[in-house]
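Asks: In order, the protein sequence lines correspond to chains U and A.
Sequential numbering of the first sequence, starting at 1, is according to full-length UniProt numbering.
Sequential numbering of the second sequence, starting at 1, is according to full-length UniProt numbering.
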Amino acid sequence: MASLAFSSTSASPVALRGRPNKLAIGVAQSGACHVSARGSDRKARLFITRAVAVEKKVSRFEDVAMAPPDPILGVSEAFRACTNESKLNLGVGAYRTEDLQPYVLNVVKKAEKLMLEKGENKEYLPIEGLAAFNKATAELLLGADNHSIQSQRVATVQGLSGTGSLRLAAAFINRYCPNSKVLISSPTWGNHKNIFNDAGVPWSEYRYYDPKTVGLDFEGMIADIKAAPSGSFILLHGCAHNPTGIDPTPEQWTQIADVLEEKGHTPFFDVAYQGFASGSLDEDAFSVRLFVERGFEVFVAQSYSKNLGLYSERIGAINVICSSSDVANRVKSQLKRLARPMYSNPPVHGARIVANVVGDPNLFSEWKAEMEEMAGRIKNVRKRLYDNLSQKDKSGKDWSFILRQIGMFSYTGLNTSQSENMTNKWHMYMTKDGRISLAGLSLAKCDYLADAIIDSYHNVN
Amino acid sequence: MQAQTRLNLSLLHQDQALFSPHLFLVTLVITPTRTVLFNYSLSQKRTLYLNLAFSSKLQFSARENTERKRRRTRGTKMAFRAMISSRATQQSKWVPSAGVARQMSSWFGHVEPAAKDPILGVTEAFLADPSPDKVNVGVGAYRDDNGKPVVLECVREAERRIAGNLNMEYLPMGGSSHMIEESLKLAYGEDSDFIKDKRIAAVQALSGTGACRLFADFQKRFLPDSQIYIPVPTWANHHNIWRDARVPQNMFRYYHAETKGLDFSSLMEDIKNAPNGSFFLLHACAHNPTGVDPSEEQWREISHLFKSKNHFPLFDMAYQGFASGDPERDAKAIRIFLDDGHLIGCAQSFAKNMGLYGQRAGCLSILCDNEMEAVAVKSQLQQLGRPMYSNPPVHGALIVSTILGDPELKKLWLQEVKGMADRIIGMRTTLRENLEKLGSPLSWEHITNQIGMFCYSGMSPEQVDRLTNEYHIYMTRNGRISMAGVTTGNVGYLANAIHEVTK
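#1: Under 9 Å, CB to CB, which of the residues in the region 76-99 of chain U have a partner in chain A?
#2: Along chain A, in chain order, which residues have C-beta atoms closer than 8 Å to that of residue 191 of chain U?
#3: Just grab the DSSP bridge partners of residue 349 of chain A for me.
#4: For my contact list, residue 434 of chain U and residue 414 of chain U are in at a C-beta cut-off of 8 Å; report their separation, rounded to the angstrom.
#5: As an exercise, report each continuous alpha helix (DSSP H) stretch of at least 4 residues that is fully enclosed by the region 249-317 of chain U, in chain order.
#6: Classify residue 96 of chain U: buried if its beta carbon has 16 or more other beta carbons within 10 angstroms, exposed otherwise.
#7: Got a sec, what are the start and stop residues for the alpha helix (DSSP H) residue 426 of chain A sits in?
#8: Are residue 386 of chain A and residue 168 of chain A closer than 8 Å when you measure CB to CB?
#9: Using a Cβ cut-off of 8 Å (strictly closer), state whether residue 309 of chain U contacts chain A.
#10: When DSSP builds the beta bridges, which residues end up paired with residue 456 of chain A?
#11: Can you give me the C-alpha to C-alpha distance between residue 257 of chain A and residue 456 of chain A, rounded to a whole angstrom?
#12: So if I threshold CB-CB distances at 8 Å, which residues from the region 239-250 of chain U count as touching chain A?
#13: If contacts are defined as beta-carbon pairs under 8 Å, then residue 440 of chain U and residue 88 of chain U qualify, I think. What distance do you get, rounded to the angstrom?
#14: Among U/227, U/325 and U/290, which has the Cα closest to the Cα of residue 111 of chain A?
#15: Check residue 330 of chain A in the structure and name its three-state DSSP category.
#16: Using the Cα positions of residue 113 of chain A and residue 450 of chain A, report the straight-line distance between them to the nearest angstrom.
#17: Below 8 Å on the Cβ atoms is my guess for residue 182 of chain U versus residue 236 of chain U; work out the distance and round it to an integer in Å.
#18: Quick one: does residue 501 of chain U have its CB under 8 Å from some CB of chain A?
#19: Mark residue 267 of chain A as exposed unless 16 or more other C-beta atoms lie within 10 angstroms of its C-beta, in which case mark it buried.
#20: Would a C-beta distance cut-off of 8 Å place residue 148 of chain U and residue 300 of chain U closer than the cut-off?
#21: Quick one: Cα of residue 287 of chain A to Cα of residue 452 of chain A, how far?
#22: Exposed or buried, what is residue 234 of chain A when buried is set at 16 or more other beta-carbons lying within 10 Å of its beta-carbon?
#23: Which residue from U/198, U/114 and U/90 puts its Cα closest to that of residue 167 of chain U?
#24: For residue 141 of chain A, which of helix, strand or coil comes out of DSSP?
#25: Can you give me the Cβ contacts of residue 72 of chain U inside the same chain, cut-off strictly under 7 Å, excluding the 5 residues immediately before and after it?
#26: For the candidate residues A/142, A/356 and A/122, whose alpha-carbon lies nearest to that of residue 422 of chain A?
#27: Please state whether DSSP places residue 69 of chain A in a helix, a strand or coil.
#28: Is it buried or exposed for residue 302 of chain U, if we count other Cβ within 10 angstroms and need 16 for buried?
#29: Answer with yes or no whether the minimum CB distance from residue 424 of chain A to chain U is below 8 Å.
#30: Secondary structure at residue 206 of chain A, three-state DSSP: helix, strand or coil?
#31: Apart from the five residues on each side of it in sequence, which residues of its chain come closer than 8 Å, Cβ to Cβ, to residue 304 of chain A?
#32: Evaluate contact between the region 208-219 of chain A and the region 335-351 of chain A, counting only Cβ atoms and requiring at least three cross-stretch pairs below 8 Å.
#33: Taking C-beta pairs closer than 8 Å, name the residues in chain A that residue 350 of chain U reaches, listed in chain order.
#34: Could you have a look at residue 141 of chain U and say whether DSSP puts it in helix, strand or coil?
#35: Could you check whether the Cβ of residue 133 of chain U sits closer than 8 Å to any Cβ belonging to chain A?
#36: Ignore the nearest five residues each way along the sequence and tell me which others in residue 115 of chain U's own chain have a CB closer than 6 Å to its CB.
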C-alpha cells in the first residue's frame with residue numbers, strides 16, 4: 001500500500017457548467033476519458049480509474065452551481081455590507097425597538113432565568129415535542145374551552161417554527177392527499193413556494209393583492225378559490241398577511257368560509273403573527289376560530305418567532321383540527337413519522353420558554369402587555385409614515401392604505417425598479433416586491449423614508 | 001448474515017408498515033456474494049392512497065353537500081369506522097346514509113396509525129411500566145451511575161455565560177459560523193489545511209439526523225442517479241432518512257453474527273463489487289447498533305480500496321470522544337481518509353458527546369476541491385434547509401461554540417467526556433464478568449471488544465421479548481443494549497436476566 005506511486009497530474013474534469021443538477025463528469029485522468037449523461041445507465045457511468053491512485057481527487061460536486069441568494073435573508077446580508085450612514089434595513093421581518101435594536105422580551109429573559117435556576121436536563125424531547133408546550137400552543141390558538149380541544153380532536157406536533165410546521169403539513173399532504181394541490185395567495189411569503197416544491201405538493205395561486213387599490217382583490221380571490229378543484233388546500237394567512245399587510249374583514253372571512261365549504265376545500269392557516277397584528281391574541285385568532293367553529297378540518301402552522309421574539313430558537317407547531325379524536329391520533333402519529341427522518345425530535349429550549357411564559361399567569365399577562373407595546377409601536381410608525389407621505393407628496397396620491405394594512409409589513413405598491421432605486425439611491429434595504437418591514441423603522445427615520453418612497457414612486461419607472 | 005438481514009428487515013417492516021403487510025411490496029435479493037437490494041414499491045402505495053382518497057371523496061356528492069349542516073349521526077360514525085377498518089381488504093365504494101354533512105366526515109379517515117418508532121417507542125413503553133425493577137437499556141442517551149440523565153458541568157457553565165447576553169435574532173441560513181468553525185476543527189483537526197484553505201462546505205444542522213437528511217437531499221438533487229450504500233445493520237433512522245429523501249438504498253455487509261465482530265472480508269468484497277463512484281455511509285466510530293469498529297489497519301485498507309473504486313465516503317460521526325474517551329482518537333478513520341486524499345462528507349452530532357440531545361446541535365460538512373466550489377455547495381445546502389426550517393436553532397449552537405472556543409471549558413469538556421466513556425467501558429467489563437461468573441456457556445467477550453454506547457448482544461427478538469416481559473428490561477428487538485443505561489446498581493440484575501434467557 002505504501003509503495004503506490006502517486007500521479008500528481010489531474011486534468012480538469014469535463015464539466016457541464018451552467019446546467020445545475022447535472023451529474024458532474026468524472027475525473028479526467030491522463031489517458032482515460034469518461035462521459036456520463038444524466039439518466040444513463042450504470043455501465044455508461046463507469047469511471048475508468050487507473051490502477052494508480054492520484055493524490056488529489058476531483059470532487060463529485062464540481063458541477064454544483066451557486067445558489068441564488070435568498071431574496072429575503074439576502075437583503076440583511078446586503079444591508080450589513082453597506083457602509084452608508086443613512087441605511088435602513090426594511091427587509092426581514094424581525095422586530096426592532098425605536099432605537100432599531102433587536103429586542104428580547106422581558107418575559108423571555110425571566111423565563112430563561114427560571115429555566116437556568118431549575119437546571120432541567122437536556123434529554124431528547126419526544127418526536128411530537130414538549131407536551132406542556134403543545135398543550136399551551138393549541139389553547140392559545142383556539143381558546144382553552146374550544147370544543148375541538150375539549151373533545152381531543154386537535155393533533156399538535158411541535159415544529160421548527162413556522163417553516164418547519166408548514167413543511168411537516170406539506171409532507172403530510174404529499175403523502176396522504178397525493179391528488180390534492182395547495183392554493184397560495186398572490187403574493188405570499190417567498191418561502192411558501194419552496195416548501196411546497198420541496199415537499200412535492202403541486203400549487204397554484206389565487207388572486208389576492210390588487211395593485212390599483214393597494215388592497216384586497218376580494219372578487220378575484222373568491223373566483224379563484226371557487227375555480228379550484230374540489231378538495232384543494234387553501235393557504236390562508238391567519239392575520240397580518242405577509243407581504244402585503246392586507247387582511248380580509250370579518251365579513252369577508254365569513255364569505256371565504258362559505259366558498260371553502262361549498263367546494264369542499266380544506267383551510268390551511270399560516271399563523272405567524274398572533275398577538276402581533278392587533279396586539280390582542282384572541283382578536284388575531286378570529287379567522288382560525290371561525291373556521292373551526294364552522295366544522296371544518298383545519299391545518300394551522302404557528303410560529304413564536306415574532307410574537308415572543310424567539311426567532312432563532314425555531315419554535316412553532318403544526319395543529320390539525322380533525323373531525324374525531326381517533327383521526328387526530330392517527331394524523332399525529334403520521335406527522336411524527338414524517339418528522340423523524342427530518343430531525344428526529346425538535347429543539348427543547350424555545351419550547352420550554354413558551355411553556356414557562358404561558359404557564360405562569362404573571363408572565364402571561366406581562367407578555368400580553370409587551371405584545372401590545374410592540375404592536376403599538378408599529379401602529380405609531382405607520383401613522384407617522386402616512387403623515388409624512390401625505391404632507392410631502394404634492395401629487396395628491398392616497399397613501400391611506402398604509403393605515404389600513406396591519407402587522408409588520410407594508411406593501412408600498414413600488415415595483416421592482418422602484419424598489420431597487422430605494423436601495424441603490426437611498427440605501428433603504430427591502431425586498432424587490434415593494435414590501436417594507438415597519439418593524440425595522442423608527443419614528444425618527446420616517447421622514448427620510450417618506451422622501452425615498454416619494455422619489456422612487458414618482459421619478460422611477 | 002442471513003439472520004441479521006432478516007432481523008433488520010423486521011425492523012423495517014415495523015417501521016414501514018402503513019397498511020397491512022400483505023399490501024406492502026418488498027423485493028429482496030440475497031445471494032452470498034451480492035449485496036442486498038431493497039425496492040419499495042412506492043407506486044403501489046400511491047395507488048392505494050389514490051383509491052382511498054378518491055373513494056372518500058365519492059361520499060361528497062352534490063346531494064350530500066346540500067345537507068352539510070346536519071349533525072353527524074352515530075350510525076355514520078360507526079359506518080365510517082367500518083370503512084376505515086375494512087379498507088385493507090377491499091377498495092371500498094362506501095356510500096353513506098343520506099344526509100351526511102360534508103365536514104362531519106374526515107378527509108383523513110384513511111390515515112393509518114403509524115407504527116411506533118422502534119427506538120423511541122422503547123422508552124415510551126419503559127415509562128409506562130410500573131415495575132420497580134425496570135431497566136431502560138433502549139435509547140442511546142447517557143445516564144450516570146444512578147441511572148439519571150446528565151447535564152455536563154461545562155454545558156451548565158456555558159449556559160450561565162450566554163444567559164441574557166445575546167438577542168435571539170435569526171442565525172444566518174447556514175447557522176452559527178462560530179459553531180461551524182469549532183465543529184470542523186474537532187472533526188478535521190485543529191490545524192487542518194482544509195479549514196485554512198476554506199475548502200469545506202459546512203452548515204449547522206439539526207443534530208446528526210438533520211445533517212444526514214441534508215446530505216441525502218443534496219445527493220438527490222445534485223446526483224439524482226446515485227444511491228447510498230448502508231451497512232447491515234445500521235441505525236434504523238438511516239433507512240427512513242434516505243427513503244424520505246427518495247434516494248435508493250443498497251446494503252453492504254458489516255456485522256459478523258458468529259464472531260459478533262466485523263465481517264471484514266465481506267465488507268471489502270461488497271465495496272469492491274459496488275459500481276465505481278458509489279456513495280457509502282460509514283460510521284466514523286462506535287458503530288450503532290453493533291459497537292463494532294474496524295481497526296486502524298482495516299480502515300487503511302478500506303480507504304485504499306475506496307480510492308481505487310472512486311467511492312464517496314459519508315461519515316456519520318455521532319460519538320466523537322464518546323467511544324474511546326479521546327476525540328482525536330475517535331476521528332482516526334476520518335483523518336486516514338483525509339490523508340489519503342479523499343473528498344469526504346461528515347455528519348456530526350453533539351447530542352451524546354456534549355449531552356445536548358434535545359438542543360439538536362450538529363454539523364454537515366463536505367470537503368470540496370477548492371474554496372469556490374465550497375461556497376457553491378454551501379449555498380445549495382442552505383437552499384435545502386430553508387424550506388425545512390429556514391435557519392437552525394441557536395441555543396445548542398451557542399453552547400457548543402462557547403465550550404469549544406474557550407480553552408478552560410474545552411479542557412473541562414474533554415475531562416467530562418472521558419469520564420462518560422470510562423464509565424461505559426467499566427460497565428462493559430463488569431457485565432461481561434458477571435455473565436462469566438454466572439457460568440454462561442456462551443462467549444461474551446464481544447461485550448468488551450465492542451466500543452461506544454451500544455453492545456450488540458446477539459440475542460434474538462424472542463429473547464429480547466422475554467427480557468421485557470419477564471424482567472422488565474427494555475431494549476430494541478435487535479438485541480442492542482445501550483450500555484449507558486447500565487449501572488452498578490442494575491448490572492447484576494441485567495446479567496442474571498440475560499443469562500436466564502440465553503442459557
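All C-beta atoms in this analysis are idealised placements derived from N, C-alpha and C, irrespective of residue type, glycine included.
Replies: With the given structure in hand:
#1: 76, 77, 92 and 94
#2: 386, 387 and 390
#3: A/362
#4: 4 Å
#5: 250-263, 281-284 and 286-293
#6: buried
#7: 407-437
#8: no
#9: yes
#10: A/480
#11: 10 Å
#12: none
#13: 7 Å
#14: U/325
#15: helix
#16: 37 Å
#17: That pair is no contact at about 11 Å.
#18: The requested residue 501 of chain U is not part of the displayed model; chain U covers only 1 to 461.
#19: buried
#20: no
#21: 7 Å
#22: buried
#23: U/198
#24: coil
#25: 91, 92, 190 and 431
#26: A/142
#27: With a pLDDT of only 45 at residue 69 of chain A, under 50, the local geometry of the prediction cannot be trusted, and no value is derived from it.
#28: buried
#29: no
#30: strand
#31: 340
#32: yes
#33: 393 and 395
#34: helix
#35: no
#36: 352
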